[in-house]
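Residue numbers (my numbering): 1 to 182. Just so you know, even glycine gets a beta-carbon here, dropped at the ideal spot from N, CA and C. Single-structure report; data block below.
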Amino acid sequence: MALQATPYKISLDISDTDRGVYESVKFTVARHPSETELRLASRVLAYALFYHPQLTFGRGLSDSDEAALWQHDLTGQIQHWIDVGQPDATRVIKASRRAPELSILVYGNARLWCDKVLPQFAQLSNVRVVLLPQEALTAIASKLQRNTHWGVMVSDGQLYLSDGDEQITLALQYLLGSPASA
């Protein structure tokens, strides 16, 4: 019998002073059986960092033609494609043709990826690449529970996450492109 996805109920209080976004949102995200805690935490952080009312989770691991998250307009056209991890250059180039805006949240040992893969699409003007610091991401992933309520503040390129007991700061490093605009 195949393993089932595990649902996580997430509640976020988002205060993004850089984009002027202030929302409280609740959603359920499925964790694929082969998905790591770091990837799931990265998807939740991507949702907070690029929040928009039409932002939804894609099937991700189970469908290679879908983004980890994406934003569609009312006609169904993709407006923002968001990936997490270290996608290959072919995937990035293909996705950049499908959406006017493409964002990638890179985590893990990204040095080799940055040296080998990033230069293959660095000339694309609609691509933004953000590096998540590994130590802070690991701490956040350890706090992700099946029912999670976090306060997330984005200000001056920093992401602050609070679970009520502790605050974790992620210094977002933009390797390509600039912070999202409102």
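Determine the burial state of Q188: buried for a count of at least 16 other Cβ atoms within 10 Å of its Cβ, exposed for fewer.
-> Examination of residue 188 is not possible in this model, given that the chain is present from 1 through 182 alone.
Quick check: the region 87-97 against the region 115-134, are there 3 or more CB pairs under 8 Å?
-> yes
Can you give the Cα-Cα distance for L175 and R128, rounded to whole angstroms?
-> 8 Å
Beta-carbon contacts of A5 that lie in its chain and below 8 Å, excluding the five residues immediately before and after | A30, R31, H32, P33
Could you have a look at V44 and say whether DSSP puts it in helix, strand or coil?
-> helix
What is the DSSP secondary structure of R128, counted as helix, strand or coil?
-> R128 falls in the strand class under three-state DSSP.
Using CA coordinates, which residue listed in G76, V84, T36 is at the minimum distance from L49?
-> When each option's Cα is compared against that of L49, the closest is V84.
Simplified DSSP state of P133, which is helix, strand or coil = coil
C-alpha gap between V117 and S178, whole angstroms | 19 Å
Under a three-way DSSP split, which group does T148 fall into?
-> strand
Closest by C-alpha distance to T138, when choosing among I168, Q54, N147, P53 = I168
Measure the C-alpha to C-alpha separation of Q79 and S103 and round it to an integer number of angstroms.
-> Here the C-alpha atom of Q79 lies approximately 11 Å from the C-alpha atom of S103.
Please go through the same chain and pick out, in chain order, the residues whose beta-carbon is closer than 7 Å to the beta-carbon of E23, but skip the five residues on each side of it.
-> I14, Y51
List the whole-angstrom C-beta distance separating G76 from L69, where the pair is believed to meet the contact cut-off of C-beta under 8 Å.
-> Contact flag wrong, Cβ pair sits at about 16 Å.
In three-state DSSP terms, what is T75?
-> coil
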